[in-house]
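Quick note on UniProt numbering: the sequence shown kicks off at 1 and runs consecutively. Glycine is no exception: its CB is placed at the ideal position from the N, C-alpha and C atoms. Working notes, beginning with the structure itself.
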Amino acid sequence: MRRVSIFGATGSIGQNTIDLIARDPARFDVVALTGGQNIAQLAADAKRLGAELAVTADPARLDDLRAALAGSGVEAAAGQAALAEAATRPADWIMSAIVGVAGLAPGLTALEQGTTLALANKESLVTAGPLLMETAARHGARILPVDSEHSAIFQALAGEDIATVERIVITASGGAFRDWPLDRLAQASVAEASCHPNWDMGQRITIDSASMFNKALEVIETREFFGVDPDRIEVLIHPESLVHALVGFRDGALMAHIGPSDMRHAIGYALNWPERAELPVDRLDLARIGQLNFRAPDPARYPALDLARQVMRHGGLAGAVFNGAKERALDAFIAGHIGFTGMADIVARVLDDLTSRSGLVDDPITLDNVARLDHLARQGVDTAIARHG
Ligand code: NAD
Ligand code: MG
């Protein structure tokens, strides 16, 4: 029996993880599930899977969670301290699938107990990559990538020497607006940005796919996880979303990972690693698919990609600034305070401002400093919106 916990169990990744675990209940002993506002889902899954503990991030929902779990024997808890405590409960495998920088602290706590962390929360690597990797190394913990591109790279690298890698290519669908005229983008609505052409994901990452902030985060994630030089990381638009990444070696070979657009593949790979188990995903019929298309991304359509390059040039806490500004700008777009293209404009301004202040992003990468820069970045976004609208 493998002891498993899922942080962000009620989200898109969390539910896909639960789908896989529930198909094979004899193999898994569920320790903790965490969620946010969706108490009914959290409680139902905790009962169904026989979890030890269910935690909602919102302290105001503790009574609701207790009521939903009454008589089940599942412990209920709420708030940040409860999330941290859940991450200390011994488990062999922990899924990190909270959305946003909120996923960083529980992920670090999990690594400190030497567990295997399946990492969907890319924001952890963007805001504090070196801290995450060092913590894993210090405690003999392992991080397995769950983002589809990074799982693809990881699989293409199996048995290879990273020193022979010339380049890593991650693909992007191009998102909801890849074929829109550029001058219409400023008017794009939240509903329009929330439709992904190929993947079914949470709302925030779906909008980030339309703006390519998601790909920008993933470029940084690639750099932090695989330790490759930023110049060796490329982004390619691939509208079919079937080739997830390619690794180019010094002999000219490109190893591509091809699979259906179903996150249960990457989750299942991390769940069963180092074995490959049978997974309930579609088998691709390439003859029927017929064509796979690729093209270079247009920097004018996707300014977030250049911002990622700036972040990597600065290093240090620039990733925390970038992510915090991006999260706040996304909140403002969803709330209707700024337009779609306003997100990149404002993030660029805040990134410029905070990285040009002497020493600010060069402080050591600690949880406290990440939180401080994240806060400053969010404040910067609010100020910019108040000033320029
Ligand atoms: P989601 O919005 O569907 O779910 C997020 C989960 O986090 C929910 O359980 C929610 O309750 C919880 N949560 C939200 N805010 C929280 C907070 N402040 N504190 C504690 N818990 C909180 O998100 P998702 O699409 O499943 O994405 C989760 C992570 O996985 C993100 O980092 C995302 O970038 C990454 N990811 C997702 C996909 C996908 O297919 N959805 C693919 C690749 C990577
Ligand atoms: Mg991805």
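(request) Compute the Euclidean distance between the alpha carbons of residue 390 and Ala-266, then round it to the nearest angstrom. (result) No information on residue 390 is available, as it lies outside the stretch 1 to 389 that the chain covers here.
(request) Please confirm if the region 360 to 376 is in contact with the region 338 to 348, defined as three or more CB-CB distances below 8 Å between the two stretches. (result) no
(message) Using 8 Å as the threshold, is the C-beta distance between Ala-77 and Leu-69 below it?
(response) Here residue 77 refers to the residue found at position 77 when the sequence shown is read from its first residue. Here residue 69 refers to the residue found at position 69 when the sequence shown is read from its first residue. Not in contact: Ala-77 and Leu-69 (Cβ atoms no closer than 8 Å).
(request) Let me know if Ala-40 comes out buried or exposed under the rule of 16 or more other beta-carbons within 10 Å of its beta-carbon. (result) Along the sequence shown, one-based indexing puts residue 40 at 40. Per the 10 Å Cβ criterion, exposed.
(request) Leaving aside the five residues before and after Gly-259 along the sequence, list all residues of the same chain whose C-beta is less than 6 Å from its C-beta, in chain order. (result) Residue 259 sits at position 259 when you count from the first residue of the sequence shown. For Gly-259, where only same-chain residues beyond five positions count, the Cβ hits under 6 Å are His-265.
(message) So, under 8 Å CB-CB, Thr-115 and Ala-141 are touching, yes? Tell me the CB distance rounded to an integer number of Å.
(response) The count along the sequence shown starts at 1 and reaches residue 115 at position 115. The count along the sequence shown starts at 1 and reaches residue 141 at position 141. Right, their Cβ atoms sit about 6 Å apart.
(request) Flag this pair as yes or no: are the beta carbons of Phe-213 and Ala-304 separated by less than 8 Å? (result) Reading the sequence shown from its first residue, position 213 is the one you call residue 213. Reading the sequence shown from its first residue, position 304 is the one you call residue 304. A contact, by the Cβ cut-off of 8 Å.
(message) In this structure, how does DSSP classify Gly-324 when only helix, strand and coil are distinguished?
(response) Here residue 324 refers to the residue found at position 324 when the sequence shown is read from its first residue. Helix at Gly-324.
(message) Following a CB-centred definition, is Ser-148 positioned closer than 7 Å to any heavy atom of the ligand MG?
(response) Taking the sequence shown and counting its residues from 1, the one referred to as residue 148 is at position 148. Result yes, Cβ under 7 Å from the ligand MG.
(request) Measure the C-alpha to C-alpha separation of Ala-128 and Ala-320 and round it to an integer number of angstroms. (result) On the sequence shown, position 128 is the one that residue 128 refers to. On the sequence shown, position 320 is the one that residue 320 refers to. About 7 Å.
(request) Return helix, strand or coil for Glu-160, following the three-state DSSP convention. (result) To locate residue 160, count along the sequence shown from 1; it is residue 160. In this structure, Glu-160 counts as coil in the three-state DSSP scheme.
(message) I need the straight-line Cα distance from Ile-94 to Ala-152, nearest angstrom please.
(response) Residue numbering aside, residue 94 sits at position 94 when the sequence shown is read from its first letter. Residue numbering aside, residue 152 sits at position 152 when the sequence shown is read from its first letter. One C-alpha to the other measures close to 20 Å.
(message) By the three-class DSSP mapping on this structure, what secondary structure does Asp-208 have?
(response) For the purposes of this step, residue 208 is identified with residue 208 of the sequence shown, where counting begins at 1. Helix at Asp-208.
(request) Assign Asp-298 to buried or exposed, taking buried as 16 or more other Cβ atoms, counted over all protein chains shown, within 10 Å of its Cβ. (result) To locate residue 298, count along the sequence shown from 1; it is residue 298. It is exposed - the Cβ of Asp-298 has fewer than 16 other Cβ atoms within 10 Å.
(request) Measure the CB-CB distance between Phe-294 and Leu-242 and report whether it falls below 8 Å. (result) What you label residue 294 is simply residue 294 of the sequence shown in a count that begins at 1. What you label residue 242 is simply residue 242 of the sequence shown in a count that begins at 1. The answer is no: Cβ separation not under 8 Å.
(request) Using 7 Å as the cut-off, classify the Cβ of Ser-211 as near or not near the heavy atoms of the ligand NAD, replying yes or no. (result) What you label residue 211 is simply residue 211 of the sequence shown in a count that begins at 1. The answer is no for Ser-211.
(message) Can you tell me where the alpha helix (DSSP H) holding Phe-225 begins and where it ends?
(response) As a working mapping, residue 225 is identified with position 225 in the sequence shown. Unbroken alpha helix (DSSP H) run through Phe-225: 213 to 226.
(message) For a test of the three-state rule: what should DSSP assign to Phe-333, helix, strand or coil?
(response) Sequence index remark: in the sequence shown, residue 333 carries index 333 (1-based). DSSP places Phe-333 in helix when its eight states are reduced to three.
(message) Quick check on the burial criterion: 16 or more other C-beta atoms within 10 angstroms. Buried or exposed for Arg-387?
(response) Against the sequence shown, residue 387 aligns to sequence position 387. Exposed, since its Cβ has fewer than 16 Cβ neighbours within 10 Å.
(message) Rounded to whole angstroms, what is the Cα-Cα separation between Leu-292 and Pro-239?
(response) The count along the sequence shown starts at 1 and reaches residue 292 at position 292. The count along the sequence shown starts at 1 and reaches residue 239 at position 239. Roughly 8 Å separates the two Cα atoms.
(request) Report yes if the CB atom of residue 393 is closer than 8 Å to the CB atom of Gly-248, and no otherwise. (result) Missing from the structure shown is residue 393; the chain here goes from 1 to 389 and no further.
(message) Along the chain, where does the beta strand (DSSP E) containing Ser-5 start, and where does it finish?
(response) Here the question's residue 5 lines up with position 5 in the sequence shown. 2 to 7 is the span of the beta strand (DSSP E), which, as asked, contains Ser-5.
(message) Between the alpha carbons of Ala-97 and Phe-322, how many angstroms are there, rounded?
(response) Start at 1 with the first residue of the sequence shown, and residue 97 comes out as number 97. Start at 1 with the first residue of the sequence shown, and residue 322 comes out as number 322. The straight-line gap from Cα to Cα measures roughly 20 Å.
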